[in-house]
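Single-structure report; data block below.
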Amino acid sequence: MGLPLALVFLSDCWQHVVTEMLTRFRTKLRETAQRFALGGLGALMSIVGLGFFSASLLMFLLTVTDAITASAIMGGGYLGLGLIFMVAARGTTSETTQTSSQKVPEAPDTRDMPPLAAAFMHGMAQGMAEGRRH
């Protein structure tokens with residue numbers, strides 16, 4: 005036999021399911037990496053900009069008030085913004101609901117499979133269907 009033992013148990017339908025699952029995983033991994041890279045670059049640019057903005061605000065406040073008052077104003081501003089961001093981050097939840105347009109995959113015909121392989125494939129189909137609902 006030229007095929008590995010694992011491929012003997014997989015019918016053409018299940019090979020398609022596994023291939024689709026791996027393709028979906030690669031796509032999500034690529035999208036996550038892009039999102040992480042762009043988010044990191046955006047955060048870095050924001051921090052640099054915030055540093056320059058803070059320096060200019062401090063210079064302006066020092067021309068209007070004394071050093072202690074200027075530091076208190078800036079500290080209070082950063083504290084307030086930090087609290088607002090923490091509350092905003094706490095309140096966001098990402099919940100997706102299943103719509104009627106989402107199709108739940110049907111379990112393939114497992115009559116010609118050994119019972120253990122059929123049970124495994126049935127579990128895979130149920131897991132994929134459950135993953136699409138959430």
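Under our numbering, the residues of the sequence shown are numbered 5 to 138, in order. Every residue gets a Cβ at the ideal spot worked out from N, C-alpha and C, and that includes glycine.
Alpha carbons only, please: which of the options is nearest the one belonging to residue i?
i    : options        : result
F57  : G127, G81, T27 : G81
G135 : Q19, G79, F29  : F29
Just the C-alpha distance for residue i and residue j, rounded to the nearest angstrom, thanks.
i    : j   : result
T73  : M90 : 26 angstroms
M128 : G44 : 35 angstroms
A71  : V52 : 23 angstroms
F64  : L54 : 15 angstroms
A59  : L66 : 11 angstroms
L85  : L48 : 18 angstroms
What are the start and end residues of the alpha helix (DSSP H) that includes residue i?
i    : result
R115 : Here R115 belongs to no alpha helix (DSSP H), and DSSP marks it neither H nor E.
T73  : 71-95
Contained alpha helix (DSSP H) runs [length at least 4] in the stretch 24-74, N- to C-terminal order: none
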